[in-house]
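Visitor: Next up is a structure, given as structure tokens.
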Amino acid sequence: MLEGPNNLKFSLDESVSVSAAISPTTPGTASAPLTADNIGPEYNLAKDETLKVSNYPKSEIDAIADSDFSGGSSREVSSVSQSDVDELRASLTDELEDEAREKITNVLTVDEVYIEGTTLSAETDSNVSNKVGDEAGNIELSLELEVSVLIVRRSDLDSLASRLLENETPQGFLFRKEQVDKVFKLESQSGGTYKIAIDFEANLLPDLDIDEIKNKISGKYPEVASDYLQTVPGFKKAEIRINPRFPGKFGTLPKVKSNISIEISASK
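Numbering (numbering that gives the first Met the number 0), first residue to last: 0 to 267.
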């Protein structure tokens with residue numbers, strides 16, 4: 000073992016014998032090839048650089064480079080790992096599934112409802128630009144998926160909500176299917192069979208006599224009509240629109256109640 004500056008280690012490529020010294024000024028010499036114990040440009044020693052030989056003191060024996068050392072170089076390289084491929088595949092799969100869901104929901108009819116969380120996908124084709132272990136700064140993946148989602152009929156959901164909630168509606172309130180919020184939770188899926196929990200929440204509206212309200216507000220100024228509506232059970236707020244709207248004393252609601260339209264909705 001030979002040691003150069005900064006504790007750089009070298010090994011003899013072959014055994015060598017050194018002849019005895021003829022005199023103190025004429026030491027014995029021998030030439031031998033060396034190989035660095037590691038890789039890097041720091042091992043490229045200059046000619047005449049002195050190296051320590053094993054545990055011998057330099058006063059007894061040393062080694063001198065008879066030419067410049069060369070061939071040592073090192074660099075950091077990036078290689079493709081399995082985790083790189085897996086992360087890229089997962090990211091691209093999510094992206095393609097999102098794109099497929101958007102396309103599907105954009106073509107649904109008014110009677111179709113997409114159930115969140117029911118997306119299933121299967122790879123139909125894929126190609127990775129580099130194999131695991133290849134030296135590469137980046138990798139590319141092309142991926143094709145077959146995507147399926149669960150779609151149900153809105154009318155079926157409305158019928159189910161009506162069967163469950165209509166008989167539970169308190170007296171004095173009205174049940175309307177368009178006032179029912181639906182929350183879906185996928186509990187399990189096997190093949191083409193889904194088990195889904197559905198929460199129905201009905202925003203009940205008071206059972207009001209619309210004709211009576213029209214009679215009370217017809218021909219009234221909007222401020223007066225609004226004051227009356229404050230007395231209606233369950234009332235929260237009102238938005239009154241008059242079209243066309245006339246100025247001053249002519250700006251009343253229509254005097255003919257058939258020209259008045261009242262829409263009632265649950266407060267959000």
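Note that the Cβ used here is the ideal one computed from N, Cα and C, for glycine as well.
Just list the alpha helix (DSSP H) runs in the segment 185–265, keeping only unbroken ones of 4 residues or longer that don't cross its boundaries, in chain order.
Guide: If we require 4 residues or more, the alpha helix (DSSP H) runs fully inside the segment 185–265 come out as 209–216, 221–228.
Visitor: Restricting to Cα atoms, I'd like to know which of F172, E48, E122 is closest to N202.
Guide: Ranking the options by Cα distance to N202, first place goes to F172.
Visitor: When you compare each of A35, D61, V112, R175 to V151 by their alpha carbons, which one comes out closest?
Guide: With distances taken between Cα atoms, V151 lies closest to V112.
Visitor: Give the secondary structure of L107 by DSSP, where H, G and I count as helix, E and B as strand, and everything else as coil.
Guide: Coil at L107, not helix or strand.
Visitor: By how many angstroms is the C-alpha of T117 removed from the C-alpha of S189?
Guide: Going from the Cα of S189 to the Cα of T117 covers about 11 Å.
Visitor: What three-state label does DSSP hand R152 in the structure shown?
Guide: Of the three classes helix, strand and coil, the one that applies to R152 here is strand, per DSSP.
Visitor: DSSP state of N126, grouped into three classes?
Guide: Strand at N126.
Visitor: Evaluate Y55 with the Cβ neighbour count: other Cβ atoms within 10 Å of its Cβ, from every protein chain shown; 16 or more gives buried, anything less gives exposed.
Guide: Label assigned to Y55: exposed.
Visitor: Excluding the 5 residues flanking L11 on each side, which residues of the same chain have their C-beta closer than 6 Å to its C-beta?
Guide: Around L11: A31.
Visitor: Run through DSSP, which three-state label would T168 get?
Guide: Note: T168 maps to coil in three-state DSSP.
Visitor: Can you check whether the CB of V52 is closer than 8 Å to the CB of A29?
Guide: Taking 8 Å as the Cβ cut-off, A29 and V52 do not qualify as a contacting pair.
Visitor: Which value, in whole angstroms, describes the spacing of the CA atoms of F174 and S90?
Guide: The straight-line gap from Cα to Cα measures roughly 45 Å.
Visitor: Are the CB atoms of P253 and I233 within a distance shorter than 8 Å?
Guide: Inspection of the sequence shows that residue 233 is occupied by Gly rather than by Ile. Going by C-beta atoms, G233 is not nearer than 8 Å to P253.
Visitor: Drop a sphere of 10 angstroms on the beta-carbon of A19, count the other beta-carbons inside from all chains shown, and report buried for 16 or more, exposed for fewer.
Guide: Answer is exposed; the Cβ neighbour count stays below 16.
Visitor: Can you give me the C-alpha to C-alpha distance between P221 and D157, rounded to a whole angstrom?
Guide: Approximately 36 Å between the Cα atoms of the pair.
Visitor: Apart from the five residues just before and just after S275, which ones in its own chain have a Cβ nearer than 8 Å to its Cβ?
Guide: The structure shown has nothing for residue 275, since the chain only spans 0 to 267.
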